[in-house]
Amino acid sequence: LKILERREDIISLEITNSSVNSKTDNKIQTSNAQFVTNRQERAWSVLESLTSSPPVALALVRSSGWLELLGILAGYVGFTKVWASRQGAAKTLARLLWDPNTGTLLSPLLQ
280 LKILERREDI
290 ISLEITNSSV
300 NSKTDNKIQT
310 SNAQFVTNRQ
320 ERAWSVLESL
330 TSSPPVALAL
340 VRSSGWLELL
350 GILAGYVGFT
360 KVWASRQGAA
370 KTLARLLWDP
380 NTGTLLSPLL
390 Q
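Each step along the sequence shown adds one to the number in this note's numbering, with nothing skipped, and position 108 is 387.
Rendered as structure tokens:
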């Protein structure tokens with residue numbers, strides 16, 4: 280039966296239902312968003328730390344991992360646009376470029 284309902288009726292029903300529980304929902308959504316952001320920041324810092332290891336750094340450069348990091352940093356369609364991800368990708372690419380072993384391999388690929 281929901282297929283037969285008009286979209287305007289569904290939207291007005293959703294607005295009515297959401298206004299009743301908006302305060303508690305906002306608190307839950309805020310805490311969930313903060314939890315997800317903290318988890319993403321930790322994951323990016325782990326990846327940045329792993330790139331200081333030569334085998335991991337070389338694997339990222341030799342695979343398409345560096346290209347995906349660049350896509351995240353630039354905000355291309357199909358890649359995440361979360362700020363924590365962009366920061367993590369920038370830090371990871373910077374570490375890869377700063378390393379003398381991977382920087383010489385990666386810099387020609389970026390030109």
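Just so you know, even glycine gets a beta-carbon here, dropped at the ideal spot from N, CA and C.
Given the structure is predicted, the values throughout are model-derived calculations rather than measurements.
Among the candidates Val325, Thr316, Asn311, Gln313, whose CA atom is the shortest distance from the CA of Arg374? Val325
Mind checking which residues open and close the alpha helix (DSSP H) that includes Ser386? 379–389
Run of the alpha helix (DSSP H) containing Val356, from where it starts to where it stops: Note, Val356: premise wrong, no alpha helix (DSSP H); not H, not E.
Thinking just about the alpha-carbon of each residue, which of Ile351, Leu337, Asn380 is nearest to the one in Trp323? Ile351
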